[in-house]
Amino acid sequence: MPDHVFGRSTRGVPPVAVRGEGCYLFDAAGKRYLDGSGGAAVSCLGHSDPDVRAALHRQLDRLAFAHTGFFTSEPAEALADALVAAAPEGMERVYLVSGGSEAVEAAIKLARQYFLEIGQPQRHRVVARRQSYHGNTLGALAAGGNAWRRAQFAPLLVETSHIVRCYAYREQAAGESLADYGRRAADALEEELLRLGPDTVMAFIAEPVVGATAGAVPAVPGYLPRIREICDRYGVLLILDEVMCGMGRTGRMFACKEDGVAPDLLTVAKGLGAGYQPIGALLATGRVYEAIASGSGFFQHGHTYMGHPMAAAAALAVVTAIQERDLLAQVRRRGARLDARLREVLGDHPHVGDIRGRGLFRGIELVRDRATKEPFDPALGIHRRIKAAAFAAGLICYPMGGTIDGRSGDHVLLAPPYIIDDGQIDDLVAMLAAAIEATCPAA
Ligand code: PLP
Numbered sequence: 007m008p009d010h011v012f013g014r015s016t017r018g019v020p021p022v023a024v025r026g027e028g029c030y031l032f033d034a035a036g037k038r039y040l041d042g043s044g045g046a047a048v049s050c051l052g053h054s055d056p057d058v059r060a061a062l063h064r065q066l067d068r069l070a071f072a073h074t075g076f077f078t079s080e081p082a083e084a085l086a087d088a089l090v091a092a093a094p095e096g097m098e099r100v101y102l103v104s105g106g107s108e109a110v111e112a113a114i115k116l117a118r119q120y121f122l123e124i125g126q127p128q129r130h131r132v133v134a135r136r137q138s139y140h141g142n143t144l145g146a147l148a149a150g151g152n153a154w155r156r157a158q159f160a161p162l163l164v165e166t167s168h169i170v171r172c173y174a175y176r177e178q179a180a181g182e183s184l185a186d187y188g189r190r191a192a193d194a195l196e197e198e199l200l201r202l203g204p205d206t207v208m209a210f211i212a213e214p215v216v217g218a219t220a221g222a223v224p225a226v227p228g229y230l231p232r233i234r235e236i237c238d239r240y241g242v243l244l245i246l247d248e249v250m251c252g253m254g255r256t257g258r259m260f261a262c263k264e265d266g267v268a269p270d271l272l273t274v275a276k277g278l279g280a281g282y283q284p285i286g287a288l289l290a291t292g293r294v295y296e297a298i299a300s301g302s303g304f305f306q307h308g309h310t311y312m313g314h315p316m317a318a319a320a321a322l323a324v325v326t327a328i329q330e331r332d333l334l335a336q337v338r339r340r341g342a343r344l345d346a347r348l349r350e351v352l353g354d355h356p357h358v359g360d361i362r363g364r365g366l367f368r369g370i371e372l373v374r375d376r377a378t379k380e381p382f383d384p385a386l387g388i389h390r391r392i393k394a395a396a397f398a399a400g401l402i403c404y405p406m407g408g409t410i411d412g413r414s415g416d417h418v419l420l421a422p423p424y425i426i427d428d429g430q431i432d433d434l435v436a437m438l439a440a441a442i443e444a445t446c447p448a449a
C-alpha cells in the first residue's frame, strides 16, 4: 500500500478500517476489534447507527451546505435548541464549529471580546490547570497544561498560567478529608488570581472530568462549586471544557450537572457528532451573548464550515437518540457494571494503583509500586505496550503516559459506546486485563 498520509498515531501504515457495526470495527483483513474507547471518547452511539445514517441521508438529499454568512439551516437551529434545552442553567446561545479545539479557541476569543465590550480591556489572561488538555490549535494549546505538547510551540503561545490539578489519588494528603482537599485544590485558583492581579484575568478553564492527560479523573465533590465561587468573586469567566466528558459520557448530558455547577462558557465536541460528522459547539450564557449583541453586535470569529448542515443533522440525530433511547440511564447502569468488573478483575493487581471515573468514562492508573504509588519509568512505555497488546488481541483502548509531571503513572482510558452490553463489558475487561498482565505481570 502507498504511504503518503502523515499525522498517523502509528509508525508505518496501520490496518485499514473498512466497516463498523455496533461496538465493533473491522479491518480490511476481516479482523474484528471491540471499540473500548470510542476512538478517543467519540463513538458514543457505536458504529453504523441506523437513525444517524438515515438523518444524514435525508439531509444530503435536501441540503449539504449553505454558508453561514448568508443562511442558517434547519438542523443547525434545531440542534442549538436541543443543546440549550439540555444545558446547565443560563446557557442560551450555541456557536457551532467543527471540533473540540475550535470550540475551545472560540471560547477563549469570546471571553476576550466579552471583556472588551464591557469595558475591561485589561483582562487578557487565562488560568488553567497543569494536568489538562484543551486542544492543539495555538490558543487551545496555550490553555492546556500538557508540557510535552506545548514545549516546541511555547514561543507562539498566548500567556496562560497553570495551577495544580484536582487529583485525589495523588494529591489528597494523609488524614485530609475529600472536602478539605477539594477546597485546598480550588483555593489555588484564588491564590493565582491574587498573584496575577485578578482584574487582568478573563477566564479559568477546566475539564470537569479530566480525560486524555489523566484518565477519567473527576473533580472531587465541592471542588467545582468552590471554583465557581472564586470566579464570581473576581469577575472571571468560568469555561468548562466537556469536549471529552460531555454529551452523556458520564451519565449526565453535561458532566458539570453532576457537580451542580453552571459555567459561563461550555465546550462540547467528540460525542456530539459521535464520529458521524466532525462537529463541536460552544455554549454561552445569555449574559455573555448580550454583552456582544448590545455592543459591537458581532463576534469577531468564524470558520467556513461552522454550522455545517450535515454535521448539525448528525449531531441532532445523536442528541435525539441519547434522549429518546434513555441512554443516560443506560450509561449510568453499564458504567456501574464496568466499574464493578474492573475492580473485581484488576482491583488487587499489584500494578493497578487506581480505578476511577464516572459513567462509561473510566480510567485505570498503572504504577510500579502500589503501596508508594511510584510510577513506572516512562522509558518503559508501559501505556504504549498495553495499547499494542490490547490492539493485537482485538481491543481498542486509549492508554496515555503519565509524564505530565513526572509523578503520575501510566493510565488507560475506557470510553465504550453507550450501547455496550454486559457480555461486551466482560470481554472488554478480560482483554484489557490480559494486556495489562502481559505488559506488567502481577508476579
Ligand atoms: N478539549 C478536550 C478536553 C479534549 O479531550 C480534546 C481532545 O482530546 C480537545 C479539547 C480537542 O478536541 P479536538 O481533537 O476535536 O480538536
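For our numbering, count along the sequence shown from 1 and bump the result up by 6. From the three backbone atoms N, C-alpha and C, an ideal C-beta is built for every residue, glycine too. Keep in mind that this is a model prediction, so the values were computed, not measured.
Query: Taking three-plus beta-carbon pairs below 8 Å as touching, is the segment 238 to 247 in contact with the segment 204 to 213?; Result: yes
Query: Do the segment 287 to 305 and the segment 101 to 121 touch if we need at least three Cβ pairs shorter than 8 Å?; Result: yes
Query: When we look at the beta-carbon of PHE71 and count the other beta-carbons within 10 Å, is it buried (16 or more) or exposed?; Result: exposed
Query: Among the residues of its own chain, which have a CB less than 6 Å from the CB of LEU288, if the five just before and after it don't count?; Result: TYR101, ALA109, ALA112, ALA113, THR273
Query: Strictly closer than 7 Å from CB to any heavy atom of the ligand PLP: give me those residues in the order they appear in the chain.; Result: ALA46, GLY105, GLY106, SER107, GLU108, VAL110, TYR139, HIS140, GLY141, ASN142, ALA146, GLU213, GLY217, ALA218, ASP247, VAL249, MET250, THR273, ALA275, LYS276, GLY286
Query: GLY252: beta carbon under 7 Å from a heavy atom of the ligand GDP?; Result: Summarising the ligand content, the structure contains the ligand PLP and does not contain the ligand GDP.
Query: With distances taken between CB atoms, is the gap from LEU51 to TYR404 smaller than 8 Å?; Result: no
Query: Quickly, what does DSSP pair LEU102 with across the bridge? List them, please.; Result: ALA287
Query: Where does GLU27 sit, in a helix, a strand or coil, going by DSSP?; Result: strand
Query: At which residues does the beta strand (DSSP E) containing LEU89 begin and terminate?; Result: Run containing LEU89: none in the beta strand (DSSP E); it sits in the alpha helix (DSSP H), 80 to 92.
Query: Among ARG68, GLY387, GLY363, which one has its Cα closest to the Cα of ALA225?; Result: GLY363
Query: Quick check on VAL19: buried or exposed, where buried means 16 or more other Cβ atoms within 10 Å of its Cβ?; Result: exposed
Query: Apply the 10 Å Cβ neighbour rule to GLY77 and answer buried if 16 or more other Cβ atoms are within range, or exposed otherwise.; Result: At residue 77 the sequence reads Phe, which differs from the Gly that was named. Its Cβ having fewer than 16 others within 10 Å, PHE77 is exposed.
Query: So which of PRO227, GLU198, GLU213, VAL24 has the shortest CA-CA distance to SER183?; Result: PRO227
Query: Taking PRO381 as part of the beta strand (DSSP E), name the residues at either end of that continuous run.; Result: First-last for PRO381: undefined, no H or E at that position.
Query: Just how far apart, CA to CA, sit SER43 and GLU123?; Result: 42 Å
Query: Under the three-state reduction of DSSP, which class applies to ARG135: helix, strand or coil?; Result: strand
Query: Assign THR378 to buried or exposed, taking buried as 16 or more other Cβ atoms, counted over all protein chains shown, within 10 Å of its Cβ.; Result: exposed
Query: Tell me MET253's beta-bridge partners as DSSP assigns them.; Result: Answer is none; MET253 lacks a bridge partner.
Query: Have a look at ALA399 and CYS172 and give me their C-alpha separation to the nearest angstrom.; Result: 34 Å
Query: Just to confirm before moving on: does the CB-CB distance between HIS417 and ILE370 stay below 8 Å?; Result: yes
Query: Kindly list the residues whose CB is nearer than 6 Å to the CB of ARG25, restricted to its own chain and excluding five residues on each side of it in sequence; keep chain order.; Result: PHE32
Query: How many Å lie between PHE210 and ALA146 at the Cα?; Result: 13 Å
Query: One question on the structure: do ASP320 and LEU62 come within less than 8 Å of each other, judged by their Cβ atoms?; Result: For clarity, residue 320 is Ala in the given sequence; the question names Asp instead. Yes; because the gap between Cβ atoms is below 8 Å, this pair is in contact.
Query: In the DSSP assignment, what are the bridge partners of ILE328?; Result: DSSP output for ILE328 lists no bridge partner at all.
Query: What residue does the beta strand (DSSP E) around TYR295 start on, and which one ends it?; Result: It is not in any beta strand (DSSP E) - TYR295 instead sits in the alpha helix (DSSP H) that spans 292 to 299.
Query: Could you work out which residue in HIS140, ALA149, SER138 is closest to VAL132 when comparing CA atoms only?; Result: ALA149
Query: How big is the Cα-Cα spacing for PRO56 and GLN306?; Result: 38 Å
Query: Nearest-angstrom Cα distance between ARG255 and GLU95?; Result: 19 Å
Query: When you compare each of VAL435, VAL249, GLY365 to GLY353 by their alpha carbons, which one comes out closest?; Result: VAL435
Query: If you draw a straight line from the alpha carbon of GLY106 to that of GLU98, how long is it in whole angstroms?; Result: 20 Å
Query: Excluding sequence positions up to five away, which residues of its chain have a Cβ less than 7 Å from the Cβ of SER302?; Result: GLU123
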